Amino acid sequence: MTDDISLPTTVSFLRVGKRRLEIFQKACIRFGLSVVNHTSHNSFILIDDELDFISASKALKSSSFSSSPILIRTQWLSDSIKQNKLLPHHSYILHANLPQSVSSVTETCNSSNRNETTTQGSSIKRERSISSSASDTDEESNSKKRNIEIQPIQPGDLPKTTGIWLCSEASSSTSINGNPNEKIIEKLKEMSKLYLITNDKGRSIAYQKAIEALKRCTHPIRSYEEIKALPYVKQSLADKIWEIIRTNGLVKLSAFQSRDDVATLGLFAGVWGAGTETTKQWFAQGFRTLDDLRNRARLTRTQQIGLKYYDDFNARIPRDEVTRIETIVKQTANEVVPGLVMETCGSYRRLKPSCGDIDILITFKDGKRHLHESVLSPLIDKLKAIEFLTDDLINHSETSSSTGNTSEQMTYFGVCRLLEPGSLHRRIDLIFIPANEWACSLLYFTGSAMFNRSMRRLARRLNMSLSQHGLYNGVVRKGVEKIHTGQALHTPTEESIFQYLNLPYRPPEDRDH
DNA sequence: CGGCCGTACTG
DNA sequence: CAGTACG
DNA sequence: GCCG
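To convert, note that position 271 of the first sequence is 271 in the UniProt record's numbering; the numbers rise steadily by one, no gaps.
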């Protein structure tokens, strides 16, 4: 992002409050800065804006410093967060003789009050006009008749309305330093997972929705009535939650887990390319171990790969490894075709410390109509040549040329690994996107999955339709099937998509539901 | 009671 | 087409 | 399992 070598790469903080510190540390990760303890030898120190040079120096002397470090006001980070890019730090450096006067009383950004402002903002009934910077056609005025209430959740209150839109809330605001109902959530998560692998999709989703409702309940639950007042929690789930509170366990979960088939289905579900039907059949055929599958089961091509790398694929990828993988792909892509825009999405973009796989989106931003096949195929070939890519799972650029099927999006799912010995094989997705779909694709591939589904449900309720290709307005549905596909809205940025849906913008790290 | 996101690839 | 996958 |  910022290649300027004069910028700090390692920083530490002095006398910054806990809440602000958290935000700053998160921002540092985003901007590629390492945060260290300022007792270690370090030349860049961010100090609270209230401190002047003298008091800062005093505080530092007491912690035995040899060389004199460069002091930077934390306003530098605040402003960088506001503009979503790392700004030059020079004007924020604190010098010995200059009086520390202009320290911001304005405090326009200070994202420590972000949660307050957003909940406050959403508690005001917002005008439901589409704030579109783009097309304001006559057809759109009809859509203003939409009478959907986006119910605000009062801070401290329990949600009273049914139907909540988790996409309208920051995930961070719901998980301030560990949820008090962690135990309950953990059990319900397990239930959801087991229902999923036993092919009960509906129940699995019901549990997930209940979990989301619980997560936003920031105090420990006291009464049974309180539980039942939660959205997506009614008789059956309330009983289970109450049982967990009372007994610290859940009989139905224990019974579920001790079923002989469930454990095996769970094991088999870890094979990439095997879903509920396949794992069910494997169990019915008497297979119980991965060796049984290797020796006796009929496997598709992708399942063979999934089995070969079973342990690797089910291991988390540390964040810094994703960064290194990203660098290799970017460098190689630049050698093939310069001028590509690439963004690593998924949980990496949501700033998670570890990721399940690597999703890299690629496009030409200049909107020229390049033949995407002429880019993705050579890129893949080159990555194979340097033995970075080891296996293909889905390779559209290959199959499309044989089927003549040329959609503008191109999908590659495959397997990569770093060249260093001992590196694990990792799942990697390379997706080529036409420039006009960039924002919707970015939104989709950044997730989370729950966040996407919530946003799509909201769009659907507004007679719109949201996918990785675009946001459509005036969609007419008859049951599930679309009668009219509606008209595509102009979505140049992720922000614009939030605006159309009348949602406050969420940065990637706040979409982690 | 039906739907629970909307889409793309495999075989 | 059913099954699996992606977030 | 919950919602409309």
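Ideal Cβ placement from N, Cα and C applies to all residues, glycine included.
Model, not experiment: these values are computed from the prediction.
Give the secondary structure of residue i by DSSP, where H, G and I count as helix, E and B as strand, and everything else as coil.
i           : result
S454        : helix
L166        : helix
H484        : strand
Y505        : coil
V251        : helix
T446        : helix
Y232        : coil
I221        : coil
I386        : coil
V262        : helix
E420        : coil
P491        : Reading the sequence as shown, one finds Thr at residue 491 and not Pro. T491: coil per DSSP, three-state reduction.
L94         : coil
V375        : helix
residue 514 : The structure shown does not extend to residue 514, since the chain is modelled only from 1 through 513, so no value can be given for it.
N179        : coil
R316        : coil
S441        : helix
R460        : helix
D510        : helix
W242        : helix
Could you check where the alpha helix (DSSP H) with residue i kicks off and where it finishes?
i    : result
Y195 : E182 to I197
T302 : R301 to K308
V336 : R319 to V336
Y348 : G346 to R349
T289 : Unbroken run through T289: none, as it is neither H nor E.
K201 : K201 to K215
Q499 : E494 to Y500
DSSP puts residue i in a beta bridge; with which residues?
i    : result
T411 : I431
I45  : S12 and L71
I358 : I428
K478 : E481
D392 : G414
L466 : L471
V341 : T363
So the beta strand (DSSP E) residue i belongs to, where does it begin and stop?
i    : result
I72  : I70 to R73
N473 : L471 to N473
Kindly indicate which residue of the options has the alpha-carbon position closest to the one of residue i.
i    : options                   : result
H425 : D381, F432, G414 and A435 : G414
H490 : L14, W438, S347 and Q257  : W438
K215 : R246, S204, P231 and T363 : P231
D391 : K352, D366, K308 and S374 : K308
D429 : D357, G474 and T485       : D357
S354 : D260, E321, R453 and M455 : E321
K234 : K384, A213, Q285 and P220 : A213
R417 : E169, S12 and L383        : L383
S192 : V375, K240 and E226       : K240
V375 : S397, A315, L393 and R294 : S397
M410 : P492, L361 and E343       : L361
G273 : N334, I72 and R427        : R427
E420 : G447, I325, S254 and G474 : I325
E481 : I221, E226 and N463       : N463
I164 : F13, D292, R453 and T300  : R453
M450 : I45, G275, S171 and Q487  : S171
R457 : K201, C167 and L250       : C167
E186 : I72, E225, N248 and E226  : N248
T276 : A238, L194, L393 and I380 : L194
K189 : Q304, D312, I211 and N179 : I211
A435 : A255, P180, G339 and Y472 : G339
Taking residue i and residue j to be in contact with their CB atoms under 8 angstroms, please state how far apart those CB atoms are, rounded to whole angstroms.
i    : j    : result
D512 : F445 : Rounded, the Cβ-Cβ distance is 14 angstroms, inconsistent with contact.
A263 : I197 : Incorrect: roughly 10 angstroms between the Cβ atoms, too far for contact.
F364 : V341 : 7 angstroms
L442 : E494 : 6 angstroms
P508 : R350 : 5 angstroms
F287 : D261 : At roughly 11 angstroms, the Cβ-Cβ gap does not stay under 8 angstroms, so F287 and D261 are not in contact.
V271 : Y310 : 6 angstroms
G470 : H484 : At roughly 15 angstroms, the Cβ-Cβ gap does not stay under 8 angstroms, so G470 and H484 are not in contact.
T74  : L46  : 5 angstroms
Within 7 angstroms: the Cβ of residue i and any heavy atom of the ligand HEM?
i    : result
I362 : Summarising the ligand content, the structure contains no ligands, and the ligand HEM is consequently not present.
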